[in-house]
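See structure below.
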Amino acid sequence: MDTAMVKDKRDSKPRHIVLTSHPTPYGAKPIPIHWGNADPLKRGPLIGTLTDPTHRNVIGTHSGSYAIYRALAVVQGSLKTDHRADLTNTSPIVNIGPYPSWADPDKIVALDPFGAVVGDVFTDYFEKGYDIRPTIAITKAHINMPELYEAAAKGRLKLDGEIMKENGDLVVTKAAIEPVWYLPGVAHRLKVTESDLRHALFEQTGGMFPELITRPDLQVFLPPIGGVTVYILGDIAAITDPDRPVAVRVHDECNGSDVFGSDICTCRPYLVHGIEECIRTAQEGGAGVIVYYRKEGRALGEVTKFLVYNARKRQTGGDRADAYFERTECVAGVQDMRFQELMPDVLHWLGITRIDRLVSMSNMKYNAIVNSGIEVVKRVPIPDDLIPADAKVEIEAKKAAGYYTEGEILDVEGLVSVKGREY
Ligand SMILES: [Zn+2]
1 MDTAMVKDKR
11 DSKPRHIVLT
21 SHPTPYGAKP
31 IPIHWGNADP
41 LKRGPLIGTL
51 TDPTHRNVIG
61 THSGSYAIYR
71 ALAVVQGSLK
81 TDHRADLTNT
91 SPIVNIGPYP
101 SWADPDKIVA
111 LDPFGAVVGD
121 VFTDYFEKGY
131 DIRPTIAITK
141 AHINMPELYE
151 AAAKGRLKLD
161 GEIMKENGDL
171 VVTKAAIEPV
181 WYLPGVAHRL
191 KVTESDLRHA
201 LFEQTGGMFP
211 ELITRPDLQV
221 FLPPIGGVTV
231 YILGDIAAIT
241 DPDRPVAVRV
251 HDECNGSDVF
261 GSDICTCRPY
271 LVHGIEECIR
281 TAQEGGAGVI
291 VYYRKEGRAL
301 GEVTKFLVYN
311 ARKRQTGGDR
321 ADAYFERTEC
331 VAGVQDMRFQ
341 ELMPDVLHWL
351 GITRIDRLVS
361 MSNMKYNAIV
371 NSGIEVVKRV
381 PIPDDLIPAD
391 AKVEIEAKKA
401 AGYYTEGEIL
411 DVEGLVSVKG
421 REY
């Protein structure tokens with residue numbers, strides 16, 4: 001093929017490549033970041049722009065894995081490489097923070113607490129031509145899930161017209177958060193050295209980010225992973241009011257169940273139960289918080305997850321609770337890669353210091369939350385009548401492995417007898 005015939009659809013700029021993997025030859029040092037400083041101007045803006053590489057003071061770029069789609073838009077000529085976001089009217093619909101936790105470099109290491117307000121606090125930088133992007137967006141929505149309307153019809157929830165409308169709509173505030181990792185803090189949280197963390201990230205991404213190795217002066221990394229969405233029900237002020245109750249469900253994405261209603265696990269029923277507890281708590285004058293992490297299949301990904309389903313269903317003796325974790329470990333090498341150590345940061349960003357109702361049975365989530373300094377008053381397990389028949393394998397295995405329950409924990413013989421559907 002004659003390559004000269006291929007029309008370059010990109011901007012007609014010279015096609016030179018700027019390597020960011022070594023300190024720039026221009027002499028200017030990037031704007032320093034003082035992580036954990038209460039004053040955003042002293043903390044410094046995080047600049048992941050690609051429009052001026054000399055301004056960059058972080059490793060990686062915005063939008064997580066969607067950066068690859070951006071590359072496709074650029075190469076096809078539909079997106080100009082020098083496009084800058086017009087942030088007019090995009091600022092948060094409601095105000096969140098600042099809270100004391102924002103100034104504690106140990107409490108928040110995996111997101112930028114000032115990520116929603118860069119347009120307000122860094123105006124001087126914008127005027128000087130810096131391209132700073134929000135990593136958090138806060139908006140409002142009405143959401144509607146048929147199970148919740150059904151719960152109201154059965155009398156478990158009331159349609160109060162404010163938190164839950166007559167048609168079952170829930171009035172929510174929601175925030176989307178991109179991960180922003182302060183590498184020394186993440187290393188400390190995971191109890192590894194920063195150097196080991198940088199090497200592992202570099203190697204396991206196939207060398208995607210050379211600066212992890214060559215730029216120890218850059219301490220903030222925008223990892224190419226999914227972020228987190230927060231749904232808040234009720235009065236946001238209640239979250240930090242010691243006299244008002246707070247309910248929290250921390251949920252890790254499960255597309256098969258959450259969206260498509262697959263019956264092999266308890267994810268959607270438990271998510272809905274979490275929202276139900278949040279509605280009740282909001283209606284008592286408190287607030288409910290759903291934290292939704294993009295950690296599909298225990299952060300192993302959906303291909304691994306489906307492979308495990310097959311291995312479970314086809315093993316000798318069928319799909320059974322005693323072999324539930326073992327099958328995952330055989331395929332993935334580990335039982336779980338969610339690393340809940342970084343999860344509580346979002347709770348600290350919201351200013352949460354006490355959770356009256358934690359709607360989760362996960363001991364890993366509970367331990368991470370409590371170890372981060374948040375008090376948990378009561379843990380709320382999923383009610384038995386919400387567990388799909390085929391999901392008994394999962395829930396009994398989890399309870400036997402230490403997940404929180406107020407009910408019976410099966411012994412080995414009992415676990416062998418809990419069986420799921422076969423393919
Ligand atoms: Zn699931």
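For reference, each letter of the sequence shown is one residue, going 1 to 423 in the UniProt record's numbering. Where a beta carbon is used, it is the ideal one built from N, C-alpha and C, also for glycine.
Could you give the C-beta distance for residue i and residue j, rounded to a whole number, given that I count them as a contact under 8 Å?
i, j, result
"Val289", "Ile239", "7 Å"
"Thr135", "Ile177", "7 Å"
"Tyr404", "Asn367", "About 11 Å separates the two Cβ atoms, so there is no contact after all."
"Arg320", "Val393", "6 Å"
"Pro223", "Gly115", "Contact doesn't hold; Cβ gap of about 14 Å is too wide."
"Gly274", "Val359", "4 Å"
"Ala247", "Asp356", "6 Å"
"Val220", "Val192", "Going by Cβ atoms, the distance from Val220 to Val192 rounds to 17 Å, so no, they are not a contact pair."
"Glu253", "Arg294", "5 Å"
"Thr328", "Val303", "The Cβ separation is near 13 Å, so there is no contact."
"Gly97", "Gly420", "Incorrect: roughly 44 Å between the Cβ atoms, too far for contact."
"Pro269", "Ile374", "About 25 Å; that fails the 8 Å criterion."
"Lys165", "Ser372", "Going by Cβ atoms, the distance from Lys165 to Ser372 rounds to 35 Å, so no, they are not a contact pair."
Based on the DSSP output, what are the partners of residue i in its beta bridges?
i, result
"Phe221", "Ile59 and Trp181"
"Asp252", "Tyr293"
"Gly288", "Leu233 and Ala247"
"Ala141", "Val172"
"Ile355", "Val376"
"Arg320", "Lys419"
"Ile136", "Ile177"
"Met164", "Leu170"
Does the Cβ-Cβ distance between residue i and residue j come in under 8 Å?
i, j, result
"Gly297", "Lys305", "yes"
"Asn255", "Tyr423", "no"
"Arg280", "Leu157", "yes"
"Asp258", "Asp390", "no"
"Val109", "Asp345", "yes"
"Ser91", "Ile225", "no"
"Glu284", "Pro242", "no"
"Ile68", "His55", "no"
"His348", "Val291", "no"
"Leu183", "Leu197", "yes"
"Cys278", "Arg249", "yes"
"Ile31", "Pro53", "no"
"Ile409", "Thr266", "no"
"Asp82", "Thr51", "yes"
"Phe325", "Gln315", "no"
"Val272", "Leu159", "no"
"Val117", "Ile132", "no"
"Ala282", "Ile163", "yes"
"Met361", "Lys398", "yes"
"Val416", "Asp322", "yes"
How would you write the range of the beta strand (DSSP E) that residue i sits in, first residue to last?
i, result
"Val230", "Val228 to Gly234"
Starting from residue i, trace the alpha helix (DSSP H) in both directions and tell me its first and last residue.
i, result
"Val331", "Tyr324 to Ala332"
"Cys265", "No alpha helix (DSSP H) contains Cys265, which DSSP labels as neither H nor E."
"Thr193", "It is not in any alpha helix (DSSP H) - Thr193 carries neither H nor E in the DSSP assignment."
"Ala152", "Pro146 to Ala153"
"Asn371", "Asn363 to Asn371"
"Ala67", "Ala67 to Val75"
"Asn310", "Glu302 to Arg314"
"Asp345", "Asp345 to Trp349"
"Lys42", "Pro40 to Arg43"
"Phe126", "Thr123 to Glu127"
"Val393", "Lys392 to Ala400"
"Ile213", "Glu211 to Thr214"
If you pair each beta-carbon of the stretch 195-212 with each one of the stretch 226-242, do three or more pairs fall below 8 Å? Output reads no: the stretch 226-242 does not touch the stretch 195-212.
Using 8 Å as the threshold, is the stretch 35-44 in touch with the stretch 95-110, meaning 3 or more CB pairs across them? Result yes; three or more Cβ-Cβ pairs closer than 8 Å.
At least 3 beta-carbon pairs within less than 8 Å: the stretch 173-190 vs the stretch 138-153: The stretch 173-190 makes contact with the stretch 138-153: 3 or more CB pairs, one atom from each, lie closer than 8 Å.
Below 8 Å, how does it come out for the stretch 148-166 and the stretch 59-79: are there three or more Cβ pairs, yes or no? Contact fails: fewer than three Cβ-Cβ distances are below 8 Å.
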